[in-house]
Structure formats: structure tokens, C-alpha cells
Amino acid sequence: MSLTHTIEYWALLCFARLLCILPRKWSFAIGSAIGAFGWAIGMRQKLVLENIAVARPEADEKELKRLGKQAAKNFGRTITEFIRYGIKDRDLISDLVEIKGIEELKTALQGGKGAIVLTGHFGAWAIYFAAMSMAGVPLSLLVGKQHNKKVDDFILKIPGDRVEFISKGRTAIKKILAKLTAGRAVVMVADQHAGKSGVVVPFLGKNASTLPLPGSFAVKYQAPVFIMTGQRKPDGTHTVTIEPIEISASEDSEDPKIEVLKAYNHKLGRVVASCPEQYFWYHRRWREESENSQ
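FYI, the working numbering numbers position 106 of the sequence shown as 233, with every residue one higher than the one before it.
Laid out in C-alpha cells, this is it:
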């Protein structure tokens, strides 16, 4: 491990220890303050403002900046919530997170084809996976790898033993199919730019390259598809909503694989537009290869 990676890892450990020593409210205040500081020094501020303007085209500059700052604070707090959950607050999760629609998901899993659960970087998304698993959903999460292996190992331990991980790569499709066949829910955080291999469909009214896997599994293997979104409430608790994504069976409907992706982007976009300050706006969702719509 390089010196830089070693420093990053130990800094993360020290920060995590500090967060768990302090009262929960203080820890979350620190997370929010870090997010606000990042906003104040201009961290990706231009990109964030441009992205929020897509969701809120009617907002003036003052409102966009307010939403951007709140989104930065939300991200900082989400990080502290996730870290504390993995070390200290695990037993509090049932009191902190209310899940609506989970019984319908559990029923779908009994069909023997598993289920695809799509979500995005909204609310405190990182703890919602763990909350679902603790509520009795056998869950596998599709993840990417961090450059720093020690940091990656630290992050993957946080959700606990109930959550399995599938690494993105050449073997991912085979592993996803195995998990679905085993009756597990496979969670995909599918709201980031999917590159030239993605399917271009609208997100917040603007064409965006979208991960094609959900549509492919839904059609080829008849796996039921759900969308999961969560939102932080003023009292610090969270409400998570799980709902199915229906695929039209009519002959005149478009390619069902694309229909799944459009429905996902539409549902997620509706939630994001209603509360943009709880979304993660720091990635370039819309890029030049997303010019031509499907």
C-alpha cells in the first residue's frame, strides 16, 4: 500500500473513531459542517449548480445556491451517518428508518427469480441497504472498487454480514444471475453516467446514458424490478419507499428493456425534483454521448 493510501486509511479510522465518541447530534453537525466547508471553497460548485438547474429550471441563482449548499451538507451528514451505523448505531436502525413497501418486495422474492432493486444517491442511501437487510430482505449490492484497498475494505464492512457484494466487472452478470436464482434482491445504484455502453433515456427531462443491466435482467430472466428511494425527515429519521416498476405487456409498447430504464429514471427524477437538496449532485450525469435519445 502506498504512503498516500496509508495516510488516507488512518485518517479515515481516526475520523470514524471521533464520530463514534461524540454524541450523535454533534457527529452529524460535523458532517454537515464539512459539507458546508466544501461548498464554501467551491468544490465542484459550478457542476452542482448546473445539475440542480436541470431539476429546477425555474429557480434563480440565489435559490440554486441555497439548494447546492444544502445538498453539500446532506452529503457530509450522510457520510457520518454511514460510518456511525457501521460502528455504533447498528441497533438503532429500526427506530431511525421506516420502510414502506417491503412486504411486496418480500412476496416477489418468493417467486424464485429474485428481484432487481434500483436506487440512486438520494437521502442517506448508504444506510438504506443495511436497513432493508436487517428487515429480512436477502440483499446483494452491486459495487465498484475504491482505489485504496484498505478504505474499500473498511467501507464494505460497514453494512454488516447481512449484505453481500457483487463487484462490477466481467463476472458481474454471472454473479447477479446466481444471486437472483438464489432468491436474493440485487440492488443497483443506477443513477450515474453509464458511458457509451449505456442506454440513452431521459432523466429529469434531459437525455442521460443509463445502466442497461436492469432492463436486460427484467426481460431476459423475468426478474421483477423495484425502485427504492429514501428521504431524511426534519427529526433525523428516514422514510424509505419501495415500489414495483411495471413493464407493459401490450404489443404496441416500446422495447421493454428501455421501458424499464425510462420508468426508473422518471420515478427517481420525480423524487429528486421534489427535494433536490437531498440528492448527490457531484457527478456528471449528462455528457456528450447522451445527445441522441432512444
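All C-beta atoms, glycine included, are put in the ideal place defined by N, C-alpha and C.
Nothing here was measured: the structure is a model prediction, and the numbers come from that model.
Proximity to residue i [Cα-Cα], best of the options
i           : options               : result
residue 173 : 215, 288 and 194      : 194
residue 426 : 265, 404, 209 and 399 : Within the shown structure, residues of the chain are numbered from 128 to 421, placing residue 426 beyond reach of any answer.
residue 329 : 393, 322 and 216      : 393
residue 171 : 192, 315 and 316      : 192
residue 334 : 341, 349, 318 and 340 : 318
residue 382 : 361, 367 and 343      : 343
residue 356 : 232, 409 and 248      : 248
residue 184 : 387, 362, 391 and 332 : 332
residue 215 : 262, 406, 226 and 147 : 147
residue 165 : 199, 229 and 151      : 199
residue 152 : 205, 197 and 189      : 205
Buried or exposed (CB count within 10 angstroms, at least 16 for buried), residue i
i           : result
residue 336 : buried
residue 256 : buried
residue 309 : exposed
residue 411 : exposed
residue 401 : exposed
residue 378 : Below a pLDDT of 50, predicted positions are generally treated as unreliable, and residue 378, at 49, falls in that range; no measurement from the model is reported.
residue 286 : buried
Alpha-carbon to alpha-carbon, residue j and residue i
i           : j           : result
residue 275 : residue 346 : 36 Å
residue 422 : residue 404 : Residue 422 is absent from the structure shown; the chain starts at 128 and stops at 421.
residue 297 : residue 303 : 11 Å
residue 374 : residue 142 : 45 Å
residue 90  : residue 325 : For the chain, the structure presents residues 128 to 421; residue 90 sits outside this window and is missing.
First and last residue of the uninterrupted alpha helix (DSSP H) at residue i
i           : result
residue 259 : 252-261
residue 132 : 130-148
residue 159 : 151-167
residue 206 : 188-214
Terminal residues of the beta strand (DSSP E) in which residue i lies
i           : result
residue 243 : 242-246
residue 227 : 224-227
According to DSSP, residues forming a beta bridge with residue i
i           : result
residue 314 : 244 and 268
residue 358 : 366
residue 336 : 327
residue 230 : DSSP lists no partner for residue 230.
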